[in-house]
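S.K.: Next up is a structure, given as structure tokens.
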Amino acid sequence: MASVGDILVSYSRKVQLDQFEPVEYGIEMEVQIEDGDDPADVYREQTTVAEDAVERELARRLARKKADSGDD
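Take a look at the structure:
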């Protein structure tokens, strides 16, 4: 049976902060598959981790943009 050692998980998202002001955040992670792990399960779990990390950074950036512009 073939074995899997590492998988690569990546996620990125681009949003438009203002006209002509796109911002993109992304993450790429190399994940070690341990003996007995189901690679599909590990991939799904780590994809959730990657998505959460990117969405948190985007939320911080959007909040900073809102604070800097003085919007309520």
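Under UniProt numbering, the residues of the sequence shown are numbered 1 to 72, in order.
Backbone N, C-alpha and C define an ideal beta-carbon position, used for all residues, glycine too.
Let me know if VAL15 comes out buried or exposed under the rule of 16 or more other beta-carbons within 10 Å of its beta-carbon.
M.R.: Exposed, by the Cβ-count rule.
S.K.: Rounding to the nearest angstrom, what Cα-Cα distance links ARG13 and THR47 in this structure?
M.R.: 13 angstroms
S.K.: For GLU34, which three-state DSSP category applies?
M.R.: coil
S.K.: From TYR43 to VAL9, what distance separates their C-alpha atoms?
M.R.: 7 angstroms
S.K.: Taking just the CA atoms, how far does ALA50 sit from ILE27?
M.R.: 6 angstroms
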